[in-house]
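Top to bottom, those sequences are chains A and B. The letter at position 290 of the first sequence is residue 290 when you use my numbering, and the numbering goes up by one with no holes. The letter at position 179 of the second sequence is residue 179 when you use my numbering, and the numbering goes up by one with no holes. Just so you know, even glycine gets a beta-carbon here, dropped at the ideal spot from N, CA and C. Bear in mind the structure is a predicted one, so any value in this text is a computation, not a measurement. Following: one structure in structure tokens, then a few remarks.
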Amino acid sequence: MASASAAPDRKSREAYFTASQGELIWARFRRNRAAMVAGAVLAFMVLVGLFAPFLSPYDPTINGRNRDYMNGAPQIPRFCDHNGCSARPFLYTLERTRSIQTNFRWVTTVNMEKRRYVQFFVQGWEYRLLSLDFEIPGTELRVNIPGIPFTTHLFGVDQGSIHLFGTDSAGKDIFSRTLHAIWTSLAVGTIGVLIGFVLALVIGGISGYRGGWIDSALQMATDAVRTIPAIPLFMALAAFMPAEWSPERRFFFIATILGLISWPTLARRVRTHLLTERNQEYVLAAQLCGASGGHVVRRHLLPSFTSYIIVDLVISFPYMVLSETALSFIGLGLKDPVNSLGVMLQNVTSADVLLNYQWYFIPVIFFVVLVLAFVFVGDGLRDAADPYSDHR
Amino acid sequence: MILFLRFAVMRAAMALITLLTVSFIVFSLMALVPANCAERYLAYKTTQGEQITIADIRAEERRLGLDKPYVERWVRWVGNVFMEGDFGESCILRVRVSQLVGDKFLLSLGICAAALIFAYAIALPVGIFSATASSPVLNNVLRLVSYLGLALPNFLLALMIMLFSTIVFGDSMTGLFSREMRDAPWSWDKAMDFLSRAWLPVFILGWSATAFAMQSVRALVSDEYGKLYVMAARARGVHGAALLWRYPARHALGPIINSLGFDLNRVFNQLPIVAVILVLTESGALLLEALARSNDQQLAGAIIFLLTGSIVALNFLTDILLALADPRVRRSVMGG
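Now the structure itself:
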């Protein structure tokens with residue numbers, strides 16, 4: 001009995017000792033249930049964002065507006081009603097009439113007897129998967145990968161329209177806009193994080209590697225930048241943008257600003273790591289073995305804190321998304337043809353929306369879920385990357 | 001005592017250097033805005049039907065001192081700010097910035113301070129209590145709340161509360177004063193009216209600071225709670241609240257005092273947006289107005305500088321406070 005249980009135990013111990021750092025982190029991460037769930041949600045969100053055009057029945061821009069259904073309430077597909085059930089979800093037919101009885105105003109009524117069945121894999125507006133199109137402000141660098149055109153969408157209806165989350169004041173489908181907004185938020189965050197990351201690595205690296213007065217001066221500057229409240233500073237920077245810039249340019253500029261302001265925290269982290277690590281004995285040992293400076297940095301110093309840096313990047317992601325949303329919300333960030341959560345929330349403070357069109361707020365749920373997922377994954381990664389978390 | 005004074009002076013000097021760096025950053029931002037003050041003002045004048053020539057612009061630039069080199073302008077700006085508290089003139093409104101900002105800034109500073117106090121008034125007891133009550137449910141709830149502090153940022157919370165109160169009460173609860181009281185002179189009634197409405201912005205502004213503070217207080221106290229000296233105290237028969245207050249809670253106070261500056265930063269961060277949503281007429285909204293609508297660089301720079309200045313001042317104060325409150329820090333400062 002004892003030997004039977006000892007054998008797999010030894011095997012698992014052996015696996016433990018020979019596992020690479022990545023395997024160990026993954027094993028620890030997998031044990032954290034909240035982080036795993038959050039990771040699944042996050043992966044789902046990324047996929048939804050990537051295939052947003054396929055999943056959304058309507059074009060999220062003004063081209064896809066529904067003139068007959070502005071400020072329309074969400075239409076929830078149903079399976080059952082008083083006429084019986086159906087395996088295929090259906091919607092009721094909306095009929096718009098205008099006559100002397102309605103005082104010549106358009107009035108929408110729901111006809112519960114006429115069902116409209118939801119169709120799958122329907123042909124709709126044209127979109128391009130895997131396309132990339134942006135320009136960098138200042139220079140004439142323009143990247144344009146056309147991608148592959150498609151017209152198939154996951155679902156739709158034959159007659160009339162289907163608006164799962166309702167429509168806004170221009171008649172644009174909020175469901176389609178939300179899906180596209182997820183992608184925008186992720187893209188802005190990614191670019192911002194990358195720019196901030198490069199800056200932090202360079203500044204923190206110089207600061208930690210050189211030490212001395214360069215370090216002191218850089219630290220002072222870093223501290224000063226850190227004390228300025230970020231969003232007011234964003235606002236000041238975003239005000240530089242000329243109003244006539246194209247949406248792609250604005251998008252890139254906003255992402256750049258986010259990156260430009262987010263570096264201090266990470267730079268400090270990099271510097272501290274470098275300062276402590278470069279005096280470690282394994283570095284001395286490597287140097288005594290005749291390793292060159294570049295070799296020491298590449299093979300020994302960098303691997304010693306890549307996991308921390310990845311974790312930091314994941315943790316700083318929600319701040320990016322948050323700042324972009326705040327900026328767009330007050331009208332200094334992204335503008336209309338681009339969909340982001342902030343853009344979608346721009347006009348919700350009016351009494352009309354608060355009282356009558358509460359479905360404008362549906363995207364907030366997605367935003368909160370997205371940020372929460374990032375926070376949980378970040379926390380899980382941090383615990384997993386810490387080799388001592390098991391021993392506490 | 002002399003050592004302490006030296007420490008205080010050192011800290012003050014460092015705060016001053018930080019302020020100077022900040023002022024340089026802010027001033028550079030102001031200078032980088034396309035089109036300078038003179039051009040902007042005169043562009044505004046042309047819309048009023050006046051004929052403006054290049055010579056007029058140059059004359060206006062000379063009047064504002066914009067023809068001087070960059071560094072000289074910065075030195076003058078900083079000099080005026082530090083010596084006379086003068087931020088110059090607003091670009092568009094042609095009124096002294098200090099006159100525009102004055103009261104409003106104090107009002108928003110008051111609201112932010114109230115939000116901070118509120119945050120800690122909730123976070124300290126709840127955090128300490130939850131650290132000692134080792135119930136997993138409470139733990140998870142707290143964790144979720146602190147995560148929501150990030151995921152449901154203040155301005156979204158404000159929106160949600162507005163939505164909720166409009167549906168339930170039929171009033172969106174915005175503004176700092178009720179309609180009758182807005183222009184009335186200060187009186188007892190007005191003060192009461194103000195207080196009955198100010199709690200909401202205070203709560204909303206303090207919200208994410210509360211969520212974060214709660215988590216950090218809990219972590220600090222529960223870290224201390226498991227240490228040997230607490231066990232030793234317990235072995236001596238100290239228990240309950242006496243044990244908690246005498247050792248771990250005090251111990252955790254240091255890092256909390258230290259983080260006050262960052263919490264103020266967090267509150268300021270959301271101030272302009274929350275102010276817009278809740279229709280608060282104070283400097284956050286003024287900043288947004290200055291940036292988004294009129295692009296008034298002098299005004300915007302002054303407000304950002306003032307916000308950062310109060311954070312630096314608070315950091316300085318907490319450093320001094322920490323040296324007074326914490327014997328370990330005092331020792332390292334006094335060297336004995």
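Checklist entry - Helix or strand or just coil, what does DSSP make of ASN140 of chain B? => result As a working mapping, residue 140 of chain B is identified with position 140 in the second sequence. The answer is helix: DSSP assigns ASN140 of chain B an H, G or I state.
Next on the checklist: Between A:TRP125, A:SER323 and A:VAL193, which has its C-alpha nearest ILE310 of chain A's C-alpha?
Outcome noted: Stepping through the first sequence from its first residue, residue 310 of chain A is reached at position 310. Closest option to ILE310 of chain A, Cα to Cα, is A:VAL193.
Next on the checklist: Please report the distance separating the alpha-carbon of LEU274 of chain A from that of PHE374 of chain A.
Outcome noted: One-based indexing of the first sequence puts residue 274 of chain A at position 274. One-based indexing of the first sequence puts residue 374 of chain A at position 374. Distance between the alpha carbons of LEU274 of chain A and PHE374 of chain A: 27 Å.
Checklist entry - For LEU324 of chain B, does the count of other Cβ atoms within 10 angstroms reach 16, so buried, or fall short, so exposed? => result Within the second sequence, residue 324 of chain B is the residue found at index 324, counting from 1. Counting Cβ neighbours within 10 Å, LEU324 of chain B comes out exposed, since fewer than 16 surround it.
Checklist entry - For TRP199 of chain B, does the three-state DSSP call read helix, strand or coil? => result For the purposes of this step, residue 199 of chain B is identified with residue 199 of the second sequence, where counting begins at 1. Looking at TRP199 of chain B - three-state DSSP - the assignment turns out to be helix.
Checklist entry - Cβ atoms of PRO74 of chain A and LEU164 of chain A: under 8 Å apart, would you say? => result Here residue 164 of chain A refers to the residue found at position 164 when the first sequence is read from its first residue. Here residue 74 of chain A refers to the residue found at position 74 when the first sequence is read from its first residue. In contact: LEU164 of chain A and PRO74 of chain A (Cβ atoms closer than 8 Å).
Item to check | Straight-line Cα distance separating VAL81 of chain B from ILE304 of chain B | outcome: On the second sequence, position 304 is the one that residue 304 of chain B refers to. On the second sequence, position 81 is the one that residue 81 of chain B refers to. Their Cα atoms are separated by approximately 13 Å.
Item to check | Beta-carbon proximity of THR184 of chain A to PHE366 of chain A, cut-off 8 Å | outcome: The residue you call residue 184 of chain A lines up with position 184 of the first sequence. The residue you call residue 366 of chain A lines up with position 366 of the first sequence. No, the Cβ-Cβ distance between THR184 of chain A and PHE366 of chain A is not below 8 Å.
Next on the checklist: Below 9 Å on C-beta distance, what does SER25 of chain B contact in chain A?
Outcome noted: Taking the first residue of the second sequence as 1, we reach residue 25 of chain B at position 25. Before going on, a small fix: residue 25 of chain B reads as Ile here, not Ser. Those within 9 Å of ILE25 of chain B in chain A are ALA221, ALA224, VAL225, ILE228 and LEU233.
Next on the checklist: Taking 8 Å as the threshold (C-beta atoms), are GLU324 of chain A and VAL188 of chain A in contact?
Outcome noted: Sequence index remark: in the first sequence, residue 188 of chain A carries index 188 (1-based). Sequence index remark: in the first sequence, residue 324 of chain A carries index 324 (1-based). Contact flag set, yes.
Checklist entry - Start and end of the alpha helix (DSSP H) containing TYR404 of chain A? => result No statement about residue 404 of chain A is possible, as the shown extent of chain A runs from 1 to 392 and does not include it.
Item to check | Check: TRP183 of chain A C-beta below 7 Å from any heavy atom of the ligand ZN | outcome: With respect to small molecules bound, the structure shown includes none, and the ligand ZN cannot be examined in it.
Next on the checklist: Tell me which residue opens and which closes the beta strand (DSSP E) that SER86 of chain A is part of.
Outcome noted: For the purposes of this step, residue 86 of chain A is taken as residue 86 along the first sequence, with counting starting at 1. Where SER86 of chain A is concerned, the enclosing beta strand (DSSP E) stretches over 84-97.
Next on the checklist: Measuring only the C-alpha atoms, how far is ALA38 of chain A from VAL371 of chain A?
Outcome noted: Here residue 38 of chain A refers to the residue found at position 38 of the first sequence. Here residue 371 of chain A refers to the residue found at position 371 of the first sequence. Approximately 10 Å, taken between the alpha carbons.
Checklist entry - Residues of chain B with a CB under 8 Å from the CB of THR184 of chain A: which are they? => result Locating residue 184 of chain A in the first sequence gives position 184, counting from the first residue. Within chain B, no residue comes near THR184 of chain A; the closest Cβ sits about 17 Å away, beyond 8 Å.
Item to check | C-beta atoms of PRO327 of chain B and VAL274 of chain B nearer than 8 Å | outcome: As a working mapping, residue 327 of chain B is identified with position 327 in the second sequence. As a working mapping, residue 274 of chain B is identified with position 274 in the second sequence. Their beta carbons are not under 8 Å apart, which means PRO327 of chain B does not touch VAL274 of chain B by this criterion.
Item to check | Buried versus exposed call for CYS80 of chain A [16 or more other C-beta atoms within 10 Å across all chains shown] | outcome: Your numbering for residue 80 of chain A matches position 80 in the first sequence. It counts as exposed.
Item to check | Among B:PRO248, B:LEU5 and B:LEU260, nearest to LYS227 of chain B - alpha-carbon criterion | outcome: On the second sequence, residue 227 of chain B is found 227 positions in, with the first residue counted as 1. Measuring from the Cα of LYS227 of chain B, the nearest candidate turns out to be B:PRO248.
Checklist entry - Since VAL369 of chain A and VAL48 of chain A are thought to touch, with beta carbons under 8 Å apart, how far apart are those beta carbons, to the nearest angstrom? => result Translated into the one-based positions of the first sequence, residue 369 of chain A becomes position 369. Translated into the one-based positions of the first sequence, residue 48 of chain A becomes position 48. Rounded, the Cβ-Cβ distance is 11 Å, inconsistent with contact.
Item to check | LEU154 of chain A, DSSP secondary structure in three states | outcome: As a working note, residue 154 of chain A is residue 154 in the first sequence. Residue state, collapsed to three classes: strand.
Next on the checklist: Please tell me whether ILE148 of chain A has its Cβ less than 8 Å away from any Cβ of chain B.
Outcome noted: Residue numbering aside, residue 148 of chain A sits at position 148 when the first sequence is read from its first letter. Not closer than 8 Å to any Cβ of chain B, the Cβ of ILE148 of chain A fails to qualify, so no.
Checklist entry - Considering PHE165 of chain A, what are the terminal residues of the alpha helix (DSSP H) in which it resides? => result The count along the first sequence starts at 1 and reaches residue 165 of chain A at position 165. Here PHE165 of chain A belongs to no alpha helix (DSSP H), and DSSP marks it neither H nor E.
Next on the checklist: Please identify, using Cβ separations under 8 Å, the residues of the stretch 328-359 of chain A that lie next to chain B, in order along the chain.
Outcome noted: PHE329, ILE330, GLY331, LEU332, LEU345, VAL348, THR349, ALA351, LEU354, LEU355 and GLN358
Next on the checklist: Would GLN51 of chain B pass as an interface residue toward chain A - the criterion being a Cβ-Cβ separation below 8 Å?
Outcome noted: The residue labelled residue 51 of chain B in the question sits at position 51 within the second sequence. With 8 Å as the cut-off, GLN51 of chain B does not count as an interface residue toward chain A.
Checklist entry - Mind checking HIS251 of chain B: buried by the 16 CB within 10 Å criterion, or exposed? => result As a first step, residue 251 of chain B must be located in the second sequence, where it is residue number 251. When all chains shown are included, HIS251 of chain B counts as buried.
Item to check | Bridge-paired residues (DSSP) for GLY120 of chain A | outcome: Translated into positions along the first sequence, residue 120 of chain A becomes position 120. The sequence shown places Phe at residue 120 of chain A, not Gly. PHE120 of chain A is bridged to A:PHE155.
Checklist entry - Looking at chain B, which residues of the stretch 298-323 of chain A have a Cβ within less than 7 Å of any of its Cβ atoms? => result PRO318 and LEU322
Next on the checklist: Output needed in chain order: residues of the stretch 152-170 of chain B with a Cβ under 7 Å from some Cβ in chain A.
Outcome noted: LEU152, PRO153, PHE155, LEU156, LEU159, MET162, LEU163 and THR166
Checklist entry - If we call anything under 8 Å between Cβ atoms a contact, is LEU266 of chain A one with ALA200 of chain A? => result By 1-based counting over the first sequence, the position of residue 266 of chain A is 266. By 1-based counting over the first sequence, the position of residue 200 of chain A is 200. Yes, these two residues count as a Cβ contact at 8 Å.
Item to check | Minimum C-alpha distance to GLY160 of chain A - residue among A:ALA285, A:ASP68 and A:ASN63 | outcome: In the first sequence, counting from the first residue as 1, residue 160 of chain A sits at position 160. The candidate whose alpha carbon is nearest that of GLY160 of chain A is A:ASP68.
Item to check | Neighbour flag for LYS165 of chain A against chain B, beta carbons, 8 Å | outcome: As a first step, residue 165 of chain A must be located in the first sequence, where it is residue number 165. The displayed chain sequence assigns Phe, not Lys, to residue 165 of chain A. It does not: the Cβ of PHE165 of chain A has no partner Cβ on chain B nearer than 8 Å.
Next on the checklist: Once the 5 residues before and after ALA87 of chain A are set aside, which same chain residues still bring their CB inside 8 Å of it?
Outcome noted: By one-based count along the first sequence, residue 87 of chain A stands at place 87. Closer than 8 Å at the Cβ level, and outside the excluded window around ALA87 of chain A, lie PHE79.
Checklist entry - In terms of residue numbering, what span does the alpha helix (DSSP H) encompassing PHE104 of chain A cover? => result The residue labelled residue 104 of chain A in the question sits at position 104 within the first sequence. Counting along the chain, PHE104 of chain A falls outside any alpha helix (DSSP H), and DSSP gives it neither H nor E.
Item to check | Selection from B:ILE128, B:GLY261, B:LEU106 and B:ALA133 that minimises the alpha carbon distance to LEU322 of chain B | outcome: For this step, residue 322 of chain B is matched to residue 322 along the second sequence. Selected option, being the one with the closest Cα: B:GLY261.
Item to check | Cβ neighbours of HIS391 of chain A in the same chain (closer than 8 Å, five flanking residues each side left out) | outcome: Here residue 391 of chain A corresponds to residue number 391 of the first sequence, with the count starting at 1. Reliability fails at HIS391 of chain A, whose pLDDT of 48 lies under 50, so the model's placement of it is uncertain and no value is given.
Checklist entry - Ordered along the chain, which non-local residues of its own chain (more than five positions away) have a Cβ less than 6 Å from that of MET1 of chain A? => result Looking up residue 1 of chain A in the first sequence gives position 1. In this predicted model, MET1 of chain A has a pLDDT of only 40, less than 50, meaning its place in the structure is not dependable enough to derive any value.
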